[in-house]
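With the numbering used here applied, the sequence shown corresponds to residues -8 to 160, in that order.
Below is one structure, written out as structure tokens; the observations come after it.
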Amino acid sequence: MESRELLLNAFDNVEEAVRGAVESIDPGLLTARIGPDANTIAWLVWHLTRVQDDHVAEVAGRPQCYGEGGWADRFALPFDAAATGYGFSADDVAATHVEDPHLLVGYHAEVHRRTAEFLQTVTAEDLDRVVDRRWDPPVTLGVRLVSVITDDLQHAGQAGYLRGVLERR
């Protein structure tokens, strides 16, 4: 099995987990909080998708679909279009007001499609390319992609867990 096939499979797992957490959900649950400072399903899915869009677009050398594809306008959130949710406060999470599950799933599907297109071009040798020298050791493409997958799966799992808790209330 090629390394790109493993990466594609992992990103497919992220997309499946996102759909499982959001599709056919009561829209009111997307912004419900289980505690005053807790993350919401909407924020978790928006954030994980923004990070994937941001990081993969950067290493692929192309614009993010959040801006280029008009998603920033459709979400109409009170943040700069470059925001990914990293470092957001509890108030920022609350301001991530999204009550349309189709918007979240649609944006993630577009990012997933672009990610898969990029991965089709990646060779095993490409995975050793340094993409970020701000860290010691410098971050390679392979490490960056695995980092995105890991973060995305954690947040998608949190969103799925929240959905289960909220639906059982």
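All C-beta atoms in this analysis are idealised placements derived from N, C-alpha and C, irrespective of residue type, glycine included.
The alpha helix (DSSP H) enclosing residue i, as first and last residue numbers
i: Asp123; result: Looking at the DSSP string, Asp123 is not in any alpha helix (DSSP H); the run it does join, the beta strand (DSSP E), is 121 to 123.
i: Ile16; result: Run containing Ile16: none; DSSP gives neither H nor E here.
i: Ser138; result: 132 to 159
i: Val89; result: Premise fails: Val89 is in no alpha helix (DSSP H) and is neither H nor E.
i: Trp37; result: 32 to 51
i: Glu(-7); result: Unbroken run through Glu(-7): none, as it is neither H nor E.
i: Gly58; result: 56 to 59
From the options, residue whose alpha carbon lies closest to that of residue i
i: Val36; options: Ala51, Ala12, Tyr57, Asp17; result: Ala12
i: Leu153; options: Arg24, Leu(-1), Glu7; result: Arg24
i: Leu(-3); options: Leu157, Val47, Pro18, Val137; result: Val137
i: Ala74; options: Gly26, Ala85, Tyr57, Glu90; result: Tyr57
i: Ser80; options: Val122, Asp28, Asp3, Glu158; result: Asp28
i: Tyr77; options: Leu94, His38, Asp64; result: His38
i: Arg10; options: Gly61, Leu144, Ala85; result: Leu144
i: Arg104; options: Glu6, Asp83, Asp71; result: Glu6
i: Val42; options: Pro69, Leu(-1), Ala85, Arg135; result: Arg135
Reduced DSSP secondary structure (H/G/I, E/B, other) of residue i
i: Arg24; result: coil
i: Gly76; result: coil
i: Phe2; result: helix
i: Leu95; result: helix
i: Thr112; result: coil
i: Trp126; result: coil
i: Ala67; result: coil
i: Ala107; result: helix
i: Ala8; result: helix
i: Ala29; result: coil
Residue i and residue j closer than 8 Å at C-beta
i: Gly151; j: Ala8; result: yes
i: Thr87; j: Thr131; result: no
i: Phe109; j: Ala51; result: yes
Cβ-heavy atom distance, residue i to the ligand MG, below 7 Å
i: Tyr57; result: Absence of the ligand MG from the depicted structure is noted, as is the absence of any ligand whatsoever, leaving it without description.
Closer than 8 Å to chain C by CB, residue i
i: Ala85; result: Absent here is chain C; the protein component of the structure consists of one chain.
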